[in-house]
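K.L.:
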Amino acid sequence: MNPLRDVRAELQEIFRQVFDDPTIILKDEMTAADVEGWDSVTHIDLLIAVERAMGIKFATAEMSRLKEPDQNIGSFIRLIESKLQAG
Amino acid sequence: MAVCSLAFLFFCGAVVIVYHLAPGRLLRQVILACASGFFLYPLVPDLRSWEWFAVMLAGTYLALVLVRARPRGANVVIGIAAGLAIYLYLKRYRLLADFIPFPSEWDIRLHPVEVVGLSYMIFKFLHMLVDQWQGQLAPISPWRYLNYQLSFFTVTAGPIQRYNDFIRYWEEMDLQPSETRESLLYWIRILTGMIKVGLLGAYVLSTYNASLFETPALGPALICFYAYPVYLYLNFSGYTDIVIGAAGLLGFRLPENFNRPWLSRNVLDFWDRWHITLTHWIRDYVFMASYKVAATKFPGAARYWSYALLFLALFLAGVWHGTTDGFVMFGVLNGLGAAATRAYGDVLRATLGRSRLHAYLHNRTVRLVAIVVTLHYVCLCQLFFASDLDRALAILRAVGESLARLPYTISEYSWQGPAIVIAVAVVLLAALWRSDLAGSVFDRLALRVGARTGWLSTILCIQCAFVAGMFFVDWAFAQEPPPVLYMKF
């Protein structure tokens, strides 16, 4: 993984495109409930956009886990970073 | 063993005492395994059923081992196909008999095999198979797998706990027992469940059954329309309370299956609050998996695929309950409701814009109307769940005809009947109008009561008196404890 890569900024841009909302600012503690329109369908749209932009793949259990109430943007970013590091 | 019974209460008490006296993880695991076996034994009727049970468990475990050794898509497909074929056969899906010439002793309509909790075993197996293939599954062994599939608190009717979550608690079984306050909360949860199933649910069911054969009139037809969903909720959420409480006493946290479903504002929201573990299983392993493929291959038509696949997912959730015409209709209506909800949301997003959509979604009147409409749509769907197509249509016809001649219909009753109905409706609507406030007051009250051991002990004593009275009446009138409906699925 490129150490200068700013995953948060990239993810924020993807969020703005998928949810068609240029005002979204990602914070670690944000959850799906904080983003209007983040349902099961947009969740997949979001993950497909992340997979394409960052060249990674999410397993079914990971996609599911990200929808759990105890997960937030912080855990999403950590998952992406771990996948980028794994190559 | 019936979950809502005195025997189960004593069984729970005995297991909890022995479990907490036992030192070390391995001994506790053995105690839980023995308890599961003791619980399961009376639920399997004969040797042939035990043989199928063993074949199912051994076969599914071997499939997991095969996929672990050779994680190829083809092996997963074969495993899924084999699991589903055995499921359809043992569940006597009659449609199969029309296409496959079974020898008479294997006839799908006649075989006597009863594998309790078969659907839930298959759900657990399929998710493990996919997760194993994708490298997401915690390590498996026959001992772990057997206990995961057969643990007495999920074997009969869920909740569908994921393997990795089960293993996390399974490996922590040597931890200290929970504190007194927590134990009291779990016992209260068990007794709340028993009161829901054995007292409230049984009463609502008897009211429903008494009205079922008088349906040409408006009153009984409306009772049928509203009472069955209430019964189903009390029965299934009561069962869930009992098993979540029992598991909690042994240090296992099971996933919740219900979250105030009657406050749902659309069909998708309803299924996110009702039988949550089933909905999430279908969301993850049917909808997400298929929509991801469709949206990747056909990005321009992704929206239309989402409608079709939402319909399919909810339709499958419906027909999973059974293949009679009532269940098929139940699945079709839920599928249509889900697809329509999604399409309506897309139209709102396209026409209102972000700020007006936000205002629309947070408007109290809109929310109230949405909740009332969803409630009635769900009752309509569950009418087909409760009875066959003809009877459900007869009830709907009775309601429709009576409503068409409304002023005369009302005059057929004495004034008390409609007055009570209107008063209840007004109170419910007022509570819904301020549901946020009512919910927060309730939550704060529950938090304060839950923090004090003395109050919890008092509640537990009152509940014990209720449950003792309930079982005494059952014993005095030689009644069977009320069955948990979802055990038959």
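Going line by line, the protein sequences match chains Y and H. For the first sequence, position 80 matches number 80 in the working numbering, and the numbering has no gaps at all. For the second sequence, position 16 matches number 16 in the working numbering, and the numbering has no gaps at all. We treat Cβ as the ideally placed atom computed from N, Cα and C, and that holds for glycine. Keep in mind it's a predicted model, so treat the numbers as computed, not measured.
Shorter than 8 Å from the beta carbon of A85 of chain H to some beta carbon of chain Y?
P.N.:
No, its Cβ sits nowhere closer than 8 Å to a Cβ of chain Y.
K.L.:
Of all the CB atoms in chain H, is at least one closer than 8 Å to the CB of D34 of chain Y?
P.N.:
Cβ-Cβ to chain H under 8 Å: no for D34 of chain Y.
K.L.:
Could you list the residues in the region 50-61 of chain Y with a C-beta less than 8 Å from some C-beta on chain H, going in chain order?
P.N.:
Here the close residues are A59, T60 and A61.
K.L.:
From what residue to what residue does the alpha helix (DSSP H) around D269 of chain H run?
P.N.:
Segment V267 to W271, the alpha helix (DSSP H) holding D269 of chain H.
K.L.:
Residues in the same chain with beta-carbon distance under 7 Å from K57 of chain Y, minus the five sequence neighbours each way, listed in chain order, please.
P.N.:
Taken in chain order, the residues that qualify are E51.
K.L.:
By alpha-carbon positions, which one of H:S183, H:Y145, H:F442 and H:A431 ends up nearest to R253 of chain H?
P.N.:
That would be H:S183, whose Cα lies nearest to the Cα of R253 of chain H.
K.L.:
Excluding the 5 residues preceding and the 5 following H321 of chain H in the sequence, name in chain order all residues of the same chain whose CB lies nearer than 6 Å to its CB.
P.N.:
Excluding positions up to five away in sequence, the list reads F327 and F489.
K.L.:
Identify every residue that forms a DSSP beta bridge with W274 of chain H.
P.N.:
In the DSSP output, where bridge partners are listed per residue, W274 of chain H has H:F258.
K.L.:
Of the choices H:F330, H:D325, H:V319 and H:I282, whose alpha-carbon is the least far from that of L309 of chain H?
P.N.:
That would be H:I282, whose Cα lies nearest to the Cα of L309 of chain H.
K.L.:
Does the beta carbon of R144 of chain H sit closer than 8 Å to a beta carbon anywhere in chain Y?
P.N.:
By this cut-off, R144 of chain H is not an interface position.
K.L.:
On the premise that L129 of chain H lies in contact with V67 of chain H, defined as a C-beta separation below 8 Å, what is that separation, rounded to the nearest angstrom?
P.N.:
About 6 Å; that satisfies the 8 Å criterion.
K.L.:
Whole angstroms are fine: how far does the CA of Y89 of chain H sit from the CA of G251 of chain H?
P.N.:
Each residue's alpha carbon lies about 36 Å from the other.
K.L.:
Taking CB distances under 8 Å as the criterion, tell me whether M30 of chain Y reaches chain H.
P.N.:
No, M30 of chain Y does not count as interfacial toward chain H.
K.L.:
Measure how close the beta-carbons of L146 of chain H and Y163 of chain H come, nearest whole angstrom, since I'm counting them as under 8 Å.
P.N.:
That belief does not hold up - the Cβ atoms of L146 of chain H and Y163 of chain H are roughly 12 Å apart, past 8 Å.
K.L.:
Would you say the region 297-308 of chain H touches the region 229-242 of chain H, given that touching needs at least three Cβ pairs under 8 Å?
P.N.:
No contact exists between the region 297-308 of chain H and the region 229-242 of chain H.
K.L.:
As a quick exercise: from Y:T23, Y:L46, Y:R78 and Y:G74, pick the residue whose alpha carbon is nearest that of P299 of chain H.
P.N.:
Checking every option, the nearest Cα to that of P299 of chain H belongs to Y:L46.
K.L.:
Distance, Cα to Cα, D103 of chain Y vs M329 of chain H?
P.N.:
As shown, chain Y starts at 1 and ends at 87. That puts residue 103 of chain Y outside it, with no answer to give.
K.L.:
Would you kindly report the start and end of the unbroken alpha helix (DSSP H) that includes P220 of chain H?
P.N.:
Segment L218 to L249, the alpha helix (DSSP H) holding P220 of chain H.
K.L.:
When we look at the beta-carbon of P159 of chain H and count the other beta-carbons within 10 Å, is it buried (16 or more) or exposed?
P.N.:
Counting Cβ neighbours within 10 Å, P159 of chain H comes out buried, since at least 16 surround it.
K.L.:
Would you say V18 of chain Y lies against chain H (beta-carbon separation less than 8 Å)?
P.N.:
V18 of chain Y does not count as touching chain H.
K.L.:
Using a cut-off of 7 Å between C-beta atoms, extract the partners of A289 of chain H located in chain Y.
P.N.:
Residues of chain Y passing the Cβ test: T60.
K.L.:
Check for me: the alpha helix (DSSP H) holding P142 of chain H runs from which residue to which?
P.N.:
First-last of the alpha helix (DSSP H) with P142 of chain H: P142 to L150.
K.L.:
Going by alpha carbons, who is nearest to L118 of chain H out of H:Q134, H:K91, H:Y169 and H:P142?
P.N.:
Per the Cα distances, H:K91.
K.L.:
Against chain H, with Cβ distances strictly below 8 Å, would D70 of chain Y count as a contact?
P.N.:
For D70 of chain Y, the answer is no, since every Cβ of chain H falls outside 8 Å of its Cβ.
K.L.:
Can you name, in chain order, every residue of its own chain whose Cβ lies under 6 Å from the Cβ of G74 of chain Y, other than the five neighbours on each side?
P.N.:
Only D28 meet the Cβ criterion.
K.L.:
Rank H:E401, H:I31 and H:A478 by C-alpha distance to the C-alpha of F152 of chain H and give the top, closest one.
P.N.:
The residue with the shortest Cα to Cα distance from F152 of chain H is H:I31.
K.L.:
Is it the case that the Cβ atoms of V427 of chain H and M194 of chain H are separated by a distance below 8 Å?
P.N.:
No. Outside cutoff.
K.L.:
I want to see whether chain H comes within less than 8 Å of I14 of chain Y, judged by CB atoms only; does it?
P.N.:
No, I14 of chain Y does not count as interfacial toward chain H.
K.L.:
Roughly how many angstroms separate the alpha carbons of D6 of chain Y and L79 of chain Y, rounded to a whole number?
P.N.:
Distance between the alpha carbons of D6 of chain Y and L79 of chain Y is about 14 Å.
K.L.:
Work out the CA separation of T296 of chain H and S64 of chain Y for me, nearest whole Å.
P.N.:
Their backbone Cα atoms lie some 18 Å apart in a straight line.
K.L.:
Exposed or buried, which one is L447 of chain H when buried takes at least 16 other CB atoms within 10 Å?
P.N.:
With fewer than 16 Cβ atoms within 10 Å of its Cβ, L447 of chain H is classed as exposed.
K.L.:
Can you list, in chain order, the residues of its chain with a C-beta nearer than 6 Å to that of C381 of chain H? Leave out the 5 residues immediately preceding and following it.
P.N.:
Excluding sequence neighbours, C381 of chain H sits near F330, L333 and N334.
K.L.:
Take the Cβ of Y41 of chain H as the centre, count every other Cβ of all protein chains shown within 10 Å, and call the residue buried at 16 or more, exposed below.
P.N.:
Exposed, by the Cβ-count rule.
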